[in-house]
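Residue numbers (full-length UniProt numbering): 1 to 270.
Below is the structure:
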């Protein structure tokens, strides 16, 4: 079995995936900037060390900049290109570049397929779309990833905020998103890496359906405060996963299942 070549192995999502793959007995070569808890230290743009394990393997590019104070999300395009070029130089046969559902902006309640025109609602979505386009190639598939349980909202607020706040929209409801649990995500990525079928340039990656953020708070035994949704707030981001289901099983995941997978893959207590 060829190893998965994981570029950007130290991030919140990547750490969770590595725990699943380890439990599943899936070999992984973990690459991170500082080499801490990784198999190889490498930064995008730096000279390439040899990596014979990558020959004819699949590279999964998770390196990138997430939103936050002082963070330059526009660097994502250059990072994606540098990682793609590294994977090619190492001899990878396939490159999966992690993008984001943020490229779609607000989808409305009907799930959108990969054919929908991107309309990012924020700088991060625009930057990830630019990264997709910059890194595109016949050996590259951009994965438009849903919110990952445990590594994105509202799970981050569950861990850090006593009384989390939710937007209430004109119809009386709060935000809904497509989500995916880390265990399901790890197994979908492994299936995409291992298939002999050709992959399309873009794939949505999510569990089926969407979940209300309020339902996640309720399932976690937490109450949330409400505020009127401000201008520009996004109520629905809902991904169609028909294409993904051709390569791996894609079940529905409700709030309880998402919370379970978030707990199962969490960083060990320090």
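Ideal Cβ placement from N, Cα and C applies to all residues, glycine included.
Check for me: the alpha helix (DSSP H) holding residue i runs from which residue to which?
| i | result |
| --- | --- |
| residue 160 | 155-160 |
| residue 20 | 12-24 |
| residue 188 | 182-194 |
| residue 213 | 213-219 |
State the Cα-Cα distance for the pair residue i and residue j, rounded to the nearest angstrom.
| i | j | result |
| --- | --- | --- |
| residue 234 | residue 175 | 7 Å |
| residue 184 | residue 46 | 33 Å |
| residue 111 | residue 49 | 42 Å |
| residue 242 | residue 253 | 15 Å |
| residue 195 | residue 172 | 44 Å |
| residue 146 | residue 86 | 26 Å |
| residue 66 | residue 58 | 23 Å |
| residue 19 | residue 245 | 24 Å |
| residue 238 | residue 25 | 32 Å |
| residue 120 | residue 232 | 11 Å |
| residue 137 | residue 55 | 18 Å |
| residue 208 | residue 178 | 7 Å |
| residue 107 | residue 251 | 21 Å |
| residue 118 | residue 218 | 32 Å |
| residue 267 | residue 70 | 25 Å |
| residue 105 | residue 159 | 26 Å |
| residue 103 | residue 1 | 33 Å |
| residue 40 | residue 51 | 9 Å |
| residue 157 | residue 151 | 10 Å |
| residue 89 | residue 95 | 12 Å |
| residue 143 | residue 42 | 23 Å |
| residue 99 | residue 257 | 24 Å |
| residue 83 | residue 68 | 22 Å |
| residue 270 | residue 181 | Legend: pLDDT at residue 270 = 42, less than 50; position of this residue unreliable, value from coordinates given subsequently. Those two C-alpha atoms are separated by around 23 Å. |
| residue 123 | residue 227 | 24 Å |
| residue 22 | residue 230 | 43 Å |
| residue 35 | residue 17 | 17 Å |
| residue 53 | residue 4 | 9 Å |
| residue 264 | residue 27 | 20 Å |
| residue 225 | residue 170 | 16 Å |
| residue 260 | residue 93 | 34 Å |
| residue 154 | residue 140 | 30 Å |
| residue 127 | residue 81 | 13 Å |
| residue 74 | residue 149 | 25 Å |
| residue 116 | residue 206 | 16 Å |
| residue 262 | residue 247 | 24 Å |
Name the DSSP beta bridge partners of residue i, please?
| i | result |
| --- | --- |
| residue 112 | 239 |
| residue 226 | 166 |
| residue 31 | 7 and 40 |
| residue 202 | 142 |
| residue 177 | 211 and 237 |
| residue 250 | Paired residue(s): none; residue 250 is not in a bridge. |
Which residues mark the beginning and the end of the beta strand (DSSP E) in which residue i is found?
| i | result |
| --- | --- |
| residue 265 | Unbroken run through residue 265: none, as it is neither H nor E. |
| residue 208 | Neither: residue 208 is in no beta strand (DSSP E) and is coded neither H nor E. |
| residue 142 | 140-145 |
Compute the minimum distance between the beta carbon of residue i and the heavy atoms of the ligand MG, and state whether it is under 8 Å.
| i | result |
| --- | --- |
| residue 158 | The ligand MG is not part of the structure shown, which contains no ligands of any sort. |
Practice problem: Flag this pair as touching only if the region 151-166 and the region 130-141 have three or more C-beta atom pairs under 8 Å; answer yes or no. | Solution: no
Quiz prompt | beta strand (DSSP E) runs wholly inside the region 55-123, at least 3 long, in chain order | solution = 58-61 and 94-100
Quiz item: Hey, is the region 27-40 in contact with the region 197-211, meaning 3+ C-beta pairs nearer than 8 Å?
Solution: no
Quiz item: Is the region 188-197 touching the region 213-231 in the sense that three or more CB pairs, one from each, lie closer than 8 Å?
Solution: no
Quiz prompt | Touch test, the region 8-17 against the region 61-79, Cβ-Cβ under 8 Å, three pairs minimum | solution = yes
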